[in-house]
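Enquirer:
Chains as they are written, first to last, in this note's numbering: chain A, 8 to 276; chain B, 8 to 276; chain C, 8 to 276; chain D, 8 to 276.
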């Protein structure tokens, strides 16, 4: 009898890439709110969602993770990862929700936890400026005038970059936000003539608890999205940049809301 | 309307991590046949398989991939990856099959194509000696006396290594072989209280076509599997090493055989 | 006419791997003081240094760097790196100094700045627990009871790891310290029959300015150094562990003290 | 007494990043001959060299290395590396020589062996198509009509890429060639007010022996060099592409020719 929440499932159940939830996360975030071409953004939404506005957001995050079995962060190669998330402003049954067309991480455990939640995760390299607790020319101030940068590379090609100058504290998080995003949970079929009938195809909504947010700094930002041969992200490039943000966030994930099953038959190309 | 065989599904369908099959592969292989503890090996088998023998095999492979849409190997960062596969000798309905308890790759596209086929893929670093077409002290002969090494690291820890000395050509591939392995296709559930009811839990058998094998060199081998805190692979360590192999293989995947749906309720820990 | 402080030297002087100093650094540090075998430690010292005590230290650091030409940290892939430093307690002319037998970084720019200062830098992967500014199960407290881990891998093999529990604030840094280390600046010769007559072979002492230290947390620690086929670091393994530390440091480097030229002829093996 | 050819120098002399020569290499090469802007190319040459022509070459190579102490290729993580070399056509005392303005590798051992020979090495990611010994859609033919690609990324930004179609066997290697390149061996000074007086500043010529070349395939090529904020390589971009090549090479390095000492005082910026 083999055990485990994910593959590889083994006799002791100690080999799963990811153990069962709860999964606890804490991260430092740089984010940019921006607008993109209305029609192009709308085209990225799945069945069941309509476009609420052309306001988008991109998040760059340095995460640390643990679970209830052990203090995973004591072996940080198993705990830390960096992520870039793109979010769109959608409506589901007249309720505003966010939707994620693209997301990149740099560790397999994070990729798997993401797929289970419907995040369309791929591997990519995220880099972001850190602020340190001692005064240094090498560290931006975490406060008025502090300047931060972030960048994403995929397959050795730079795909996105931003520079943010903090100006003031803010009472609100960037929007669209990632906490309650609506995702498409999806697992393909490989049996011939059934490629268009995925084994799993569900509209789901993320659920997180014990969310904690640090003070939120807001300011000016610039952002660029570059041409890349293997992604349509450039269709979501900024038409104008609204604001940049820097904050920290903690949250726990151990549940998911099933909205409904999407069409059994999809278009592949 | 969004399109694509895998996430991310997008308006043009050009962003999927993996396009729909056929998937064409070619690889150089170093492999070791060995025996492990009978009882321990048996414990790794899923429902539906029984142990045929305690003979195991480990494969180290440098792959190159393409599909029918483009010559992917012209942008090799998207095409090449390295893999380590562990296989056990099982029976399914009295037919000998192989079963894969562990497999590691170093690219996300390979990981996703694997999950779709039921391979329990994780990320890991595989290294293997190459033979070159010019005479050099830096290159082993691809022939009698040639010595090759291979190693796997996971999370910055060396997990397995082998050294092989080629002795003679062989008419047969190592056994168990990877071509028609039986896998567990699996996608977890995240809704609370349903963690033990996976969304996909199927016994499947791989199907490949257009298989071509180079001449096969066989010889002596040593192999070690090291302690690692996050995998039970050490329970499959060699009790004796049978032989080492070196060959090249090409194959195409565009189908999968569904054997039967596994239990709806699983043990997680 | 080509320009630049390091190779590559080019027409505009904008291609050097490293620009001329000053170099500004800020880092978060986890450190362990420990004792090793007295005789073995003594054998690592170069000509001109004698052993002061068998107390050693190992530092794990997440650095961010900038210079005076630009805010390098806005393109963090060019600015951030992780480092593991081993230090021994030595005397130079009856003055206590530290000496570095081994150091690993993960970026070429850091490697080059190190070689120029005599640090014997190689590439390796350092991982260390972070503390975040929001309360989370995934983040240790930066204070009494907070637990931190760090690890070093070289060539896919784990070489060292530590776990530290913070207990109290401390007025003193770990010893030996890295700020004023004595290094051997060294550049080999490749002309045949002159391999033992290095082009540069100097005893030098580091010089840093504008040093700033955060509050220093001290506590209990465990540490292990593992066997590795290509380094003698295991000869410096702990006989006892004294204490663990966590602090942040900023400093600027733009000078070096030349102590004296070492022997023109060396032993290679 | 500590020993070793390079840092780290240790009691047993077994820790040096690089052991003393001979160093044996074997590699598969994709190369492109092209012309660049005459004036711009000329500006990259150091004192002592004049421009012979505006013909340049770029080489992408998958190397395997060993020495006389052990079969290093049996632990391939210590032996294999990938490299991109740019070469210019120069004259030294009326003799044609090649000169390397830029070179990137992906392993520290290769970087150090390079610096010792005057190669201006930095870290970068090189990818190149492989040809396999079995027929496959995923492998180009190593012969007429075979198509190969190669690419270089530095700091997560693609810097150069090529596509080559083989047309015929050739009797001659691409030119300029790397075997007898003239390099500037260079080690900076860090003592304040002496940054412009490098410790080592020599014009040297590479020397290799036991060179073996496979059959050489030649054909058509395209090549692009992309903008990158931290390198002047784009000033050497193609004005026309002459030809592409694919071959294998083996060589041994254990000597270097010292031409003369360059100026004691340099321009930094």
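Where is the CB? At the ideal position from N, CA and C, for every residue including glycine.
1) Which residues share a DSSP beta bridge with residue 63 of chain C?
2) Please list, in chain order, all residues of the same chain as residue 55 of chain C whose beta carbon is under 6 angstroms from its beta carbon, the five residues on each side excluded.
3) Which same chain residues, not among the five before or five after residue 117 of chain C, have their C-beta less than 8 angstroms away from its C-beta?
4) Provide the residue(s) that pair with residue 103 of chain A in DSSP beta bridges, ordered along the chain.
5) Of all the beta strand (DSSP E) runs that stay within the bounds of the stretch 207-253 of chain B, which reach a length of 3 or more residues?
6) Please report the straight-line C-alpha distance between residue 66 of chain A and residue 253 of chain A, rounded to a whole angstrom.
7) Which one of C:212, C:226 and C:199 has the shortest CA to CA distance from residue 215 of chain D?
8) Could you check where the alpha helix (DSSP H) with residue 19 of chain D kicks off and where it finishes?
9) Scan the stretch 162-188 of chain A for residues whose Cβ lies nearer than 7 angstroms to a Cβ of chain D and list them as they occur along the chain.
10) Cβ closer than 7 angstroms: which chain B residues qualify as neighbours of residue 73 of chain D?
11) Helix, strand or coil, according to DSSP, for residue 121 of chain A in the structure here?
12) If you drop the 5 nearest sequence neighbours on each side, which residues of the same chain put their C-beta closer than 6 angstroms to that of residue 112 of chain A?
13) Run through DSSP, which three-state label would residue 159 of chain D get?
14) Do residue 105 of chain D and residue 183 of chain D have their C-beta atoms within less than 8 angstroms of each other?
15) Assuming residue 264 of chain A and residue 208 of chain A are in contact, meaning their beta carbons sit under 8 angstroms apart, how far apart are those beta carbons, in whole angstroms?
16) Between which residues of its own chain and residue 262 of chain C is the CB-CB distance below 6 angstroms, once the five residues before and five after are set aside?
17) If you run the structure through DSSP and keep just helix, strand and coil, what is residue 83 of chain A?
18) Let's see if you can read the secondary structure: which residues bound the beta strand (DSSP E) around residue 167 of chain A?
19) Short check: CB of residue 169 of chain D to CB of residue 228 of chain D, under 8 angstroms?
20) Identify the continuous beta strand (DSSP E) that holds residue 137 of chain C and give its terminal residues.
21) Determine whether the Cβ of residue 54 of chain D lies closer than 8 angstroms to any Cβ atom of chain A.
22) Return the first residue and the last residue of the beta strand (DSSP E) that residue 130 of chain C is part of.
23) Below 7 angstroms on C-beta distance, what does residue 136 of chain A contact in chain C?
24) Drop a sphere of 10 angstroms on the beta-carbon of residue 3 of chain D, count the other beta-carbons inside from all chains shown, and report buried for 16 or more, exposed for fewer.
25) Within 8 angstroms of any Cβ in chain D, is that where the Cβ of residue 31 of chain C sits?
26) Do we get a CB-CB distance below 8 angstroms when we pair residue 158 of chain C with the residues of chain A?
27) Which one of A:219, A:11, A:76 and A:60 has the shortest CA to CA distance from residue 143 of chain C?
28) Would you say the beta carbon of residue 256 of chain A is closer than 7 angstroms to some non-hydrogen atom of the ligand HEM?
29) Let me know the secondary structure DSSP gives residue 90 of chain C once reduced to three states.
30) Please identify, using Cβ separations under 8 angstroms, the residues of the stretch 94-119 of chain C that lie next to chain A, in order along the chain.
31) Going by beta-carbon coordinates alone, are residue 82 of chain C and residue 156 of chain A separated by less than 8 angstroms?
32) If we define contact as Cβ-Cβ less than 8 angstroms, is residue 275 of chain A a contact residue for chain B?
33) Along chain C, which residues have their Cβ under 8 angstroms away from the Cβ of residue 87 of chain A?
34) Could you spell out the range, first to last residue, of the beta strand (DSSP E) harbouring residue 189 of chain D?
35) Just to confirm, are residue 17 of chain C and residue 24 of chain C a CB contact at a threshold of 8 angstroms?
36) Spell out whether any CB of chain C is found under 8 angstroms from the CB atom of residue 6 of chain A.
Expert: Taking the coordinates as given:
1) As a beta-bridge residue in DSSP terms, residue 63 of chain C pairs with C:41 and C:95.
2) So the qualifying residues of the chain are 210.
3) For residue 117 of chain C, where only same-chain residues beyond five positions count, the Cβ hits under 8 angstroms are 70, 72, 88, 90 and 128.
4) Paired residues: A:98.
5) Secondary structure in the stretch 207-253 of chain B: the beta strand (DSSP E) runs of 3 residues or longer, each lying completely within the stretch, are 207-220 and 223-232 in chain order.
6) Rounded to whole angstroms, residue 66 of chain A to residue 253 of chain A spans 10 angstroms at the Cα level.
7) Distances from the CA of residue 215 of chain D to each of C:212, C:226 and C:199 were compared; the closest alpha carbon is that of C:199.
8) Element bounds for residue 19 of chain D: n/a, residue is neither H nor E.
9) Against chain D - using a Cβ distance shorter than 7 angstroms - the residues of the stretch 162-188 of chain A are 163, 164 and 165.
10) Neighbours of residue 73 of chain D on chain B, chain order: 144 and 145.
11) Reduced to three states, the DSSP call for residue 121 of chain A is helix.
12) Cβ contact annotation for residue 112 of chain A (same chain, cutoff 6 angstroms, sequence separation greater than five): 88, 90, 118 and 128, in chain order.
13) In this structure, residue 159 of chain D counts as strand in the three-state DSSP scheme.
14) Contact flag set, yes.
15) Wrong, their Cβ atoms sit about 16 angstroms apart, outside the cutoff.
16) Once the five neighbours on either side are set aside, the close Cβ partners of residue 262 of chain C are 214.
17) Here residue 83 of chain A sits in helix by DSSP.
18) 164-177 is the span of the beta strand (DSSP E), which, as asked, contains residue 167 of chain A.
19) A contact, by the Cβ cut-off of 8 angstroms.
20) Premise fails: residue 137 of chain C is in no beta strand (DSSP E) and is neither H nor E.
21) Not one beta carbon of chain A lies nearer than 8 angstroms to the beta carbon of residue 54 of chain D.
22) In this chain, the beta strand (DSSP E) harbouring residue 130 of chain C covers 128-130.
23) Here the neighbours are 80, 81 and 83.
24) This structure gives no information on residue 3 of chain D, because the portion of chain D shown stretches from 8 to 276.
25) Using a CB distance cut-off of 8 angstroms, residue 31 of chain C does not count as an interface residue toward chain D.
26) At a cut-off of 8 angstroms between C-beta atoms, residue 158 of chain C counts as an interface residue with respect to chain A.
27) For the set A:219, A:11, A:76 and A:60, the Cα lying nearest the Cα of residue 143 of chain C is the one of A:219.
28) With respect to the ligand HEM, the structure shown offers nothing to examine, as it has no ligands at all.
29) The answer is strand: DSSP assigns residue 90 of chain C an E or B state.
30) Listed by position, the residues of the stretch 94-119 of chain C near chain A (Cβ gap below 8 angstroms) amount to none.
31) Result yes, Cβ atoms of residue 82 of chain C and residue 156 of chain A sit closer than 8 angstroms.
32) Using beta-carbon distances, residue 275 of chain A counts as an interface residue toward chain B, with a partner under 8 angstroms.
33) Per Cβ cutoff of 8 angstroms: 134 and 137.
34) Unbroken beta strand (DSSP E) run through residue 189 of chain D: 189-194.
35) Going by C-beta atoms, residue 17 of chain C is not nearer than 8 angstroms to residue 24 of chain C.
36) Because chain A in this structure spans residues 8 to 276, residue 6 of chain A falls outside the shown range and cannot be described.
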